[in-house]
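Undergrad: First, the structure itself, so that you have it in front of you.
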Amino acid sequence: MKYKKTKVIIDTDPGVDDTAGLVFALYDKRLDIQLITTVVGNVKIQTATRNALHILDKLRIDIPVAQGAEKALTRTSKTAEHVHKKEGMGGYIPPKTTQHQILKEDAVEAMYKVLKEGNGDIELLILGPHTNVGTLFTKHPDIIRKIPRIVFMGGSPFGIPGFPDHISFNISSDPEAFKIVLESGIPLVMVPSHIGRRKAHLTEEYVYQMRDTNPLGNFLAQMYSEYWERGFPDKRIATNDTCAYMYIVHPKFFKAKSADITVDCDKEPGKTFAHFNKKGNVKVVVDVKRKKFLKVLTKMLKDLSNLKF
């Protein structure tokens, strides 16, 4: 079956959830991934880059990778090794070196080159802090007009009914960069972290079934073995970044509402607020069709049973 492919640049900080999202995105025939860029976030930049390169090694896929920011625009960067573990891949330990290598250009210049040479049809999928993209827009403001849409994972806007308020890691890691992206005028889709945690999460039983499905499922389950979500009475795995990627290829699985989003950069850095209205500057995902989401995920996993690691 032929699909209309969406061209994307994936900006990421792998990270367990980023790695899982990348694996599925790399094999999705609906995506045409032009470039992968890395940013400090879940782990330090060198670790994030190594993890992205290792996934390409493991899956035997060639896509250019450019290393990005090692710190936030104006503040001390924080990482989340306590969640993703030292190597960033939970219970899976990747090798220290990789066969794939990074581009000579840094992430900002690589993104600028790809976008400038494109036809104005390359979207951005941001799975980590917005440092690279905020820097791109500051350094090369002319490129803004060539980006049709940005889909990003992060934020938990205060004011969404039915979800507890909290400050998202991706936004609080570099709220100043997020503010630049927010004010760019580019159509934005926010996939809040609570969608992956509370709506599209994987149960303990599902993870154990993945482990026994095939080598890919075993790899994912190995990562997940040290990544159980905290603060819940059950054992569950958040699918935050997989949700963001999935929004691009299966938007009908998600319910989104327009809202004006603002971000606090001073008193509570990274705190986001939503004022829902039809003319809002951001589409905010507020729900997902869980059964359809999991059905597609399960089918993709089974379709990759012949994959050799």
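Sequential numbering from -7 applies to the sequence shown in my numbering. Virtual Cβ for every residue (Gly too), placed ideally from N, Cα, C.
Fully enclosed by the region 54 to 92, which beta strand (DSSP E) runs are 3 residues long or longer?
TA: 57 to 59
Undergrad: Can you tell me whether Gly154 is buried or exposed, with buried defined as 16 or more other CB within 10 angstroms of its CB?
TA: exposed
Undergrad: Is it buried or exposed, Glu115, if we count other Cβ atoms within 10 angstroms and call 16 or more buried?
TA: buried
Undergrad: Please check the pair Asp9 and Asp233, which I expect to be a contact at CB under 8 Å, by giving their CB distance rounded to whole angstroms.
TA: The Cβ separation is near 4 Å, so the contact holds.
Undergrad: Count the CB pairs spanning the region 187 to 195 and the region 277 to 290 that are closer than 8 Å, and state whether there are at least three.
TA: yes
Undergrad: Would Gly120 pass as a contact of Gly33 if the rule is Cβ separation under 9 Å?
TA: yes
Undergrad: Name the residue from Gly147, Glu101, Gly110 whose alpha carbon lies nearest to the alpha carbon of Thr130.
TA: Glu101
Undergrad: In angstroms, rounded to a whole number, what distance separates the CA positions of Ile136 and Ile178?
TA: Distance between the alpha carbons of Ile136 and Ile178: 7 Å.
Undergrad: Where does the unbroken beta strand (DSSP E) through Lys249 begin, and where does it stop?
TA: Segment 246 to 255, the beta strand (DSSP E) holding Lys249.
Undergrad: When you compare only the Cα positions, how much space is there between Phe150 and Ala251?
TA: Taking the straight line from one Cα to the other gives about 12 Å.
Undergrad: Rank Lys244, Ala213, Leu65 by C-alpha distance to the C-alpha of Ile229 and give the top, closest one.
TA: Ala213
Undergrad: Taking the alpha-carbon positions, what's the Glu62 to Lys259 distance?
TA: 24 Å
Undergrad: Rounded to whole angstroms, what is the Cα-Cα separation between Phe265 and Ser185?
TA: 14 Å
Undergrad: State the Cα-Cα distance for the pair Val288 and Tyr19, rounded to the nearest angstrom.
TA: 13 Å
Undergrad: Take Ala12 as the anchor and find which of Glu168, Asn269, Met215 has the nearest alpha-carbon.
TA: Met215
Undergrad: Enumerated in chain order, which unbroken segments of the alpha helix (DSSP H) with a length of 4 residues or greater are wholly contained in the region 2 to 39?
TA: Here the runs fully enclosed are 8 to 18.
Undergrad: Could you give the uninterrupted runs of the beta strand (DSSP E) lying entirely in the region 102 to 160, keeping only those of 3 residues or more?
TA: 114 to 118, 142 to 145
Undergrad: DSSP three-state call for His267: helix, strand or coil?
TA: strand
Undergrad: Please give the ranges of any alpha helix (DSSP H) in the region 165 to 228, keeping only runs that are unbroken, at least 4 residues long and fully inside the region.
TA: 167 to 174, 185 to 190, 196 to 203, 207 to 216
Undergrad: Give me, in chain order, the residues of the same chain whose beta-carbon lies closer than 8 Å to that of Tyr(-5); leave out the 5 immediate sequence neighbours on both sides.
TA: Lys21, Arg22
Undergrad: Beta carbon of Leu45, beta carbon of Ala236: below 9 Å?
TA: Going by C-beta atoms, Leu45 is not nearer than 9 Å to Ala236.
Undergrad: Cutting at 6 Å between CB atoms, please list the residues of its own chain near Gly112, excluding the five before and the five after it.
TA: The residues are Lys138.
Undergrad: Give the C-beta separation of Gly60 and Thr29 to the nearest angstrom, bearing in mind that I take them to be a contact with Cβ-Cβ under 8 Å.
TA: 5 Å
Undergrad: State the beta-bridge partners of Asp279 as determined by DSSP.
TA: Lys247
Undergrad: If you pair each beta-carbon of the region 195 to 211 with each one of the region 291 to 301, do three or more pairs fall below 8 Å?
TA: yes
Undergrad: Are His132 and Tyr104 close, meaning C-beta to C-beta below 9 Å?
TA: Yes, Cβ-Cβ distance for His132 and Tyr104 is below 9 Å.
Undergrad: For the alpha helix (DSSP H) containing Asn273, name the first residue and the last one.
TA: Here Asn273 belongs to no alpha helix (DSSP H), and DSSP marks it neither H nor E.
Undergrad: Which stretch, first to last residue, makes up the alpha helix (DSSP H) that contains Tyr(-5)?
TA: Looking at the DSSP string, Tyr(-5) is not in any alpha helix (DSSP H), and its letter there is neither H nor E.
Undergrad: Is it buried or exposed, Ile47, if we count other Cβ atoms within 10 angstroms and call 16 or more buried?
TA: buried
Undergrad: Lys96 by DSSP, collapsed to three states: which one?
TA: coil
Undergrad: Pick from Phe16, Ile2, Glu97, Lys(-1): whose alpha carbon is nearest that of Met292?
TA: Of Phe16, Ile2, Glu97, Lys(-1), the residue nearest in Cα terms is Phe16.
Undergrad: Sorted by chain position, which residues of the same chain lie with C-beta nearer than 6 Å to Asp5's C-beta, five sequence neighbours on each side aside?
TA: Val31, Gly33, Asn34, Ala40, Gly120
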